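Heads up: the structure comes next, in structure tokens.
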Amino acid sequence: MDEARIWSRGDTAGFFRAPGPADDKYSRGVVALRTGSESYPGAAVLGVEAAWRAGAGFVRFVGEGRVADAVLARRPETVVGAGTGRSGIGAWVIGSGTDPAERTAHEEEALRRILAGAAPVVVDAGALDLAAGAVAPFVVTPHAGEFSRLQKGLGLQQGVGEGTEDLVVRVARTLGGTVLLKGARTLIGDPSGALLRVEESTSWLATAGTGDVLAGVIGAVLAANPGRGVAEATAAAAWLHGRAARIASGTASQDASDPGHPVVALDVARALPRAVGDVLA
Numbered sequence: 001m002d003e004a005r006i007w008s009r010g011d012t013a014g015f016f017r018a019p020g021p022a023d024d025k026y027s028r029g030v031v032a033l034r035t036g037s038e039s040y041p042g043a044a045v046l047g048v049e050a051a052w053r054a055g056a057g058f059v060r061f062v063g064e065g066r067v068a069d070a071v072l073a074r075r076p077e078t079v080v081g082a083g084t085g086r087s088g089i090g091a092w093v094i095g096s097g098t099d100p101a102e103r104t105a106h107e108e109e110a111l112r113r114i115l116a117g118a119a120p121v122v123v124d125a126g127a128l129d130l131a132a133g134a135v136a137p138f139v140v141t142p143h144a145g146e147f148s149r150l151q152k153g154l155g156l157q158q159g160v161g162e163g164t165e166d167l168v169v170r171v172a173r174t175l176g177g178t179v180l181l182k183g184a185r186t187l188i189g190d191p192s193g194a195l196l197r198v199e200e201s202t203s204w205l206a207t208a209g210t211g212d213v214l215a216g217v218i219g220a221v222l223a224a225n226p227g228r229g230v231a232e233a234t235a236a237a238a239w240l241h242g243r244a245a246r247i248a249s250g251t252a253s254q255d256a257s258d259p260g261h262p263v264v265a266l267d268v269a270r271a272l273p274r275a276v277g278d279v280l281a
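If you're matching positions, the sequence shown starts at 1 in my numbering and goes up one per residue.
Structure follows, in structure tokens:
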């Protein structure tokens, strides 16, 4: 495994630009989300909010019923429906706020079609079990518990003397896609053996829903940067997410004595535009 590379603000800046006169909503990135459920509609709301606030030009939510109503109530500019329409999708976000135990055969078929497509896919939470064998470029975004289950599902055991960083890369190689392991220091493994570490964060980020926000940010960055490496785009999104959390929690200054304050996931999403501005400055 290559030595871990610490991802920086300068690295992140390469994935963001201010739109110019020739840009339109499509050139800024089209993100589609198939997320949330009757049990967890808020996950869809948070992911959609994050995609918009991270700079996407067009966000489509694929769903109906209570979840779709919640999305529209919060973000009426979102295009909502059971299908994808005619707009080309730059990136997908799937699985946030869903439970594979409650997944219908129809839903699984729809998710597998997405994973068999050409657009990059952010695979979160309830869709993690479907990532193996995906044709589309993808990134899985587990927390520690989900990562352990993913590892066991692949038949991998942590070797003697093997650290978490080595295991993240081994899981990425086995899956054939990028792996983002959430934590105080976010680790991103690439099937090639490369490992990126994102340290821009705050412990206040350890609260429900922030992973849904992260998934939406990754979708926006992937959609805005077609052809770029999935691992690097994911690292840029994770850095931005961490920066937004620091802004929201009051820990963005260099004053180490300032403890900051609690945040909720929506606070982090709301801070994303300022975080983008910081990167562009």
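Every residue, glycine too, gets a C-beta built ideally from N, C-alpha and C.
These figures come from a predicted structure and were not determined experimentally.
The DSSP-derived three-state label of PHE61 is strand. No residue range can be given for ARG86, since it is assigned to no alpha helix (DSSP H) and is classified by DSSP as neither H nor E. With a threshold of 16 other beta carbon atoms within 10 Å, ARG34 meets it and is buried. Beyond the five residues adjoining it in sequence on each side, PRO21 comes within less than 6 Å, by CB distance, of no other residue in the same chain. DSSP places LEU181 in no alpha helix (DSSP H) but in the uninterrupted beta strand (DSSP E) bounded by 178-181.
DSSP, reduced to helix, strand and coil, places GLY277 within a helical segment of the structure shown.
Bridge pairing for THR35: absent [DSSP]. Distances from the CA of THR186 to each of LEU150, GLY229, ARG112, THR234 were compared; the closest alpha carbon is that of THR234.
VAL80 sits in a strand when the DSSP states are folded into three classes.
Taking C-beta atoms as the reference points, TRP52 and ARG197 fail to come closer than 8 Å. Per the C-alpha coordinates, the member of ALA125, SER148, GLY183 positioned closest to VAL139 is ALA125.
In this structure ALA54 is in contact with VAL217, their Cβ atoms being roughly 5 Å apart against a cut-off of 8 Å. Note on geometry: alpha-carbon atoms of ALA13 and THR178 lie some 21 Å from one another.
Rounded to whole angstroms, the Cβ separation of LEU222 and GLY90 is 7 Å, and the two are in contact under 8 Å. Pairwise C-beta distances place the segment 126-134 out of contact with the segment 60-69, as fewer than three of them are shorter than 8 Å. Runs of alpha helix (DSSP H) with 4 or more residues, each lying fully within the segment 89-166, are found at 105-115, 144-153, listed in chain order.
Here the alpha carbon of ALA271 sits roughly 37 Å from the alpha carbon of LEU154. Between the segment 100-115 and the segment 69-81 there are fewer than three C-beta pairs closer than 8 Å, too few to call the two in contact. In this chain, GLY20 is not harboured by any beta strand (DSSP E), its DSSP state being neither H nor E. As DSSP reads the structure, ILE6 sits in a beta bridge with ARG197. LEU222: member of the alpha helix (DSSP H) spanning 210-224, first to last residue. C-alpha of ARG9 to C-alpha of ALA184: approximately 17 Å in a straight line. Sorting GLU146, PRO120, LEU150, PRO142 by C-alpha distance to the C-alpha of ALA132 places LEU150 at the top. Under DSSP, ILE188 shares a beta bridge with LEU180, LEU196. ARG74 is not a Cβ neighbour of GLU38, given a cutoff of 8 Å. Here DSSP, grouped into helix, strand and coil, assigns VAL169 to helix.
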